[in-house]
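**Student:** In my numbering, the protein residues as written are 3 to 733.
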C-alpha cells in the first residue's frame, strides 16, 4: 500500500513538474527577446550609451603631487612603487593619437604615416577598438604601438578602483580580440601636461602604475580638436630648439581632415630638421610595450570582438527593419485612409446599386461544435431575418447537446444535419451539399445576425461578377478590457483593411463569422478546403484565382463572441496567423500565373504578405527602440516619435469608428492596447513563424464560449443566466 502511494505521489509530482514547465510557444519567443535585448545592451555599451560617465573633474590643488612629477617629463612611471618621470630625447618625436580608431580618419592617418615611413602611438578606447578591430590590427601590423585610453572614456578621478579595473580590463580585452596583443601603455582621458597633475588625478596615476601600466601624457599639444587650421596645427605640434616631444593629436572624435593635412606636411618638414618619428619605447630605447596573447585570453578577446560585431550588424539590420516597418505602417495607414474613404463614398452614394435587387431565398449554413451556450441566440437571430432564409445547422459531432437544443426550438425553416466530428470545412461542405439555394451564407455558431444582415450581405450578388461577400464582423462582448481591445482591432484593422482590399480587388479573407458565396463559384474550386487552418482565407484566395470578384458589405453586421481570456485569444490568433501563412504558401504559384490568378498573385499576395505577415513581425521594433530610447536616450525625441506614431494610429482608428458609426469612447483604451495587447500579437505571430519554419503542425482548438452576445436592440433573446456563470476574468 505504501509503495502504491509513493508511486501515485511520484506520478503526481511528475505531472505537476510538467505543468510548471514553460511552454515552448513562450520559451522560444522569450529566448529571442532575451537575445535581442542582450545584443542591444551590448551595442549601447560599446556606443557609450550605457554605463558612460561624461563628468569632467575641475582643476584641483597639487599639494600631494611630487615636485619631480610636476616638473618632469610626459612619461610617468609609478610601477612597483616607483615615482619617476621620463622625457623623450632630443630630435625624437612621438606622435600620439587619441580616441580612435575611427573608420574614416584613422585609415587616412595610417596612410600618411606609412607614406613617410613614420611610427606613432595610438591610444585607443575599448568601444572603438571593439567596433573597428581591423584598424587596430593594421596599427600593430604596420609597426605602431597601441596604448589604452579606457573603455568608455570616463574621467577616472570620479571612478572607484573597481570601475578603473573594469575600464582597463575591458580595454585590454578589446585590444586582445582585435590584434592579439596586450599593452603596458596608458593615457588617462582628459589628460594634459605633467604639470596639470593634481590631487585628484595623482592617486589614479599611482593606482594604475600599481597595475603595471606606464602613464603617458604629453608635452606638445597640437590642439587639432579645435580645428584651428592646418598651419596652426603644424606650428603648435613643432617642438622648439630640436627638443624631443610627445605630441598630442586625434584620429577620432569628429572631422579630422585638418589633422591629416597637417600631418602630411609636418612629417617631411621635421625630417629635414633631423627628427625621427618613433614609437614611445623606441624613443626611450626600452623594450616594446606590447606582448602577444595566447590561449584562453586570446579566445576571450576574439569572442568579445565577435559579439560586438554581431551586435553592430544586428543593430544595422534592426534599423533597416525599422525603416521598412515605418514605411509599411505609414504606407498602410495612408492607403487605408484614402481607399476606405473611396470605398465609403462609392457604396454610400444615393443611387449606388450592386445590380438588380437580390430577393430570392438564400441558405444559411451554421457549422456547430459544442455551441450549446450560443446556438439558440444564433438560430433565433436568423429566423428573425427580414430576408427569406433556409437555415441548416450542421452539428459536427457535438457532445453537449447542441443539435437537441436546435431541434427543440422547432423553428420554421431550420434543419439540423448531424455528422461525426470531421472539422469545420467538412461541416460546411456537408451543408453545401444539402443547400437548396445558389447563394449560401456562412456564419459561426457563436455569432448573432441583425434582422437586416442577410439582406445586406447578399445584395452584392446583383453583380454577376461577384462570387463572395465579406460582412462586417463586430465584437459583441466588448465590456471587458480585452474585449474592448479586440473591438478596436476589428473596427480599425479588419474593416478598414477590407474596404482597402475591396477597392484594390484583392480581398484576402471572407470572415467565418459573416460571409456569403455563390455555390456555383465554390463547386468548381472544390468547396471548402481543409488544407489549411484558415479555410476562409484559403477559399477566398481560390475564388480570386478563379476570376471571381470578392467585395465588402459594410452594413451586413454580425455580432460575434470574442475570446475573453489571453489563453483563448492566443489560441485563436495563433491559428489565424499560421493558417494565413499556410494559405499564402498554398497559393504561391499565382505570382507567376496569368489572368485573374496572376493579378491576385502579383497584387493580393504581396499585400497580404507585407501587411499581415511581415509588417506585424517587424512591428515590435518600434517598441524595442522606444524602450531603448527612453532608457538610454535621446528620451524626449524617442517619446515624441512614438507619440507621433500613436497619433497616426488614433487618427486611423477615429476615422474607422466614424465610418462604422461606433462610439469614440472605446478609443480611450487605444494607448494601452498599443502597449500591452500588441505585444501579445507579436509573440503569437512569432510563434506562428517558428511553427512554420520548423515544420510543426497545429490543430484546431475549440474556444470556450459563454453565450452572452445578442444583437443590439434586444431583438434576440440572450442566455445571460447560463452564460455569466462561466465567464472568467481576463487572464
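Beta carbons: idealized from backbone N, C-alpha and C, even for Gly.
Run the CB neighbour count on residue 91, radius 10 Å, all protein chains shown included, and call it buried at 16 or more, exposed below.
**Tutor:** exposed
**Student:** Rounding to the nearest angstrom, what Cα-Cα distance links residue 466 and residue 367 in this structure?
**Tutor:** 22 Å
**Student:** Quick one: is residue 318 buried, meaning 16 or more other Cβ sit within 10 Å of its Cβ, or exposed?
**Tutor:** exposed
**Student:** Looking at C-alpha atoms only, which residue of 434, 112, 287, 240 is the closest neighbour of residue 88?
**Tutor:** 287
**Student:** What first and last residue would you give for the alpha helix (DSSP H) that runs through residue 647?
**Tutor:** 637 to 661
**Student:** Considering only their Cβ atoms, is the gap separating residue 582 from residue 536 smaller than 8 Å?
**Tutor:** yes
**Student:** From the DSSP output, in three-state form, read off residue 221 for me.
**Tutor:** In the structure shown, residue 221 falls within a coil segment according to DSSP collapsed to helix, strand and coil.
**Student:** Among the residues of its own chain, which have a CB less than 7 Å from the CB of residue 372, if the five just before and after it don't count?
**Tutor:** 400, 401, 402, 404, 704
**Student:** Return helix, strand or coil for residue 161, following the three-state DSSP convention.
**Tutor:** coil
**Student:** Alpha carbon to alpha carbon, how far is residue 97 from residue 254? Give it in angstroms, no decimals.
**Tutor:** Take the alpha-carbon of residue 254 and the one of residue 97: they are about 15 Å apart.
**Student:** Any contact of the segment 182 to 193 with the segment 37 to 48, i.e. 3+ C-beta pairs under 8 Å?
**Tutor:** By the Cβ criterion, the segment 182 to 193 is not in contact with the segment 37 to 48, since fewer than three pairs of Cβ atoms, one from each stretch, lie closer than 8 Å.
**Student:** Of all the options 481, 315, 48, 659, which has the alpha carbon lying nearest to the alpha carbon of residue 169?
**Tutor:** Residue 48 is the option with its Cα nearest to residue 169.
**Student:** Provide the residue(s) that pair with residue 174 in DSSP beta bridges, ordered along the chain.
**Tutor:** According to DSSP, which records beta bridges pairwise, residue 174 is partnered with nothing at all.
**Student:** Under three-state DSSP, which class holds residue 475?
**Tutor:** strand
**Student:** For the alpha helix (DSSP H) containing residue 285, name the first residue and the last one.
**Tutor:** 282 to 285
**Student:** Are the segment 124 to 138 and the segment 150 to 158 in contact at 8 Å, needing three or more beta carbon pairs?
**Tutor:** Touching, yes, given that three or more Cβ pairs across the two stretches are closer than 8 Å.
**Student:** Among all the DSSP beta bridges, which residues are the ones paired with residue 430?
**Tutor:** Its beta-bridge partners do not exist; DSSP assigns none.
**Student:** Using only CA atoms, which one of 99, 203, 115 lies nearest to residue 65?
**Tutor:** 203
**Student:** Tell me where the alpha helix (DSSP H) around residue 303 begins and ends.
**Tutor:** 297 to 349
**Student:** For residue 163, which of 143, 175, 212 has the nearest alpha-carbon?
**Tutor:** 212
**Student:** Kindly list the residues whose CB is nearer than 6 Å to the CB of residue 395, restricted to its own chain and excluding five residues on each side of it in sequence; keep chain order.
**Tutor:** So the list reads 368, 370, 408, 418, once near-sequence residues are dropped.
**Student:** DSSP state of residue 582, grouped into three classes?
**Tutor:** helix
**Student:** If you reduce the DSSP assignment to three classes, tell me which class residue 733 lands in.
**Tutor:** With a pLDDT of 27 at residue 733, under the threshold of 50, the modelled position of this residue cannot be trusted; read the value that follows with caution. Correct three-state label for residue 733: coil.
**Student:** When you compare each of 490, 628, 640, 600 to residue 663 by their alpha carbons, which one comes out closest?
**Tutor:** 490
**Student:** Determine whether the beta carbon atoms of residue 455 and residue 509 lie at a separation below 8 Å.
**Tutor:** Taking 8 Å as the Cβ cut-off, residue 455 and residue 509 do not qualify as a contacting pair.
**Student:** Leaving out five residues on either side along the sequence, give the residues of the same chain with a beta carbon under 8 Å from the beta carbon of residue 267.
**Tutor:** 232, 236
**Student:** Alpha carbon to alpha carbon, how far is residue 178 from residue 75? Give it in angstroms, no decimals.
**Tutor:** 29 Å
**Student:** Which class does residue 40 belong to by DSSP, given the choice of helix, strand or coil?
**Tutor:** helix
**Student:** Keeping to the same chain, check which residues put their C-beta closer than 6 Å to that of residue 120; ignore five residues upstream and five downstream.
**Tutor:** 269, 279
**Student:** Below 7 Å CB to CB, which residues in the same chain sit around residue 304 once its five sequence neighbours on both sides are set aside?
**Tutor:** 179
**Student:** For the putative contact between residue 378 and residue 439, defined by C-beta atoms under 8 Å, what is the C-beta separation to the nearest angstrom?
**Tutor:** No, residue 378 and residue 439 are not in contact; Cβ-Cβ is about 24 Å, not under 8 Å.
**Student:** Could you check the C-alpha separation between residue 538 and residue 507 for me, to the nearest Å?
**Tutor:** 17 Å
**Student:** Between residue 464 and residue 355, is the Cβ-Cβ spacing less than 8 Å?
**Tutor:** yes
**Student:** Output the distance between the C-alpha atoms of residue 504 and residue 486, rounded to the nearest integer angstrom.
**Tutor:** Straight-line measurement puts the Cα of residue 486 at about 26 Å from the Cα of residue 504.
**Student:** Using the DSSP secondary-structure output, state which residues sit across from residue 735 in a beta bridge.
**Tutor:** Because the chain in this structure spans residues 3 to 733, residue 735 falls outside the shown range and cannot be described.
**Student:** Would you be able to state if there are at least three C-beta pairs under 8 Å between the segment 213 to 224 and the segment 243 to 253?
**Tutor:** With contact defined as three or more Cβ pairs closer than 8 Å, the segment 243 to 253 and the segment 213 to 224 are in contact.
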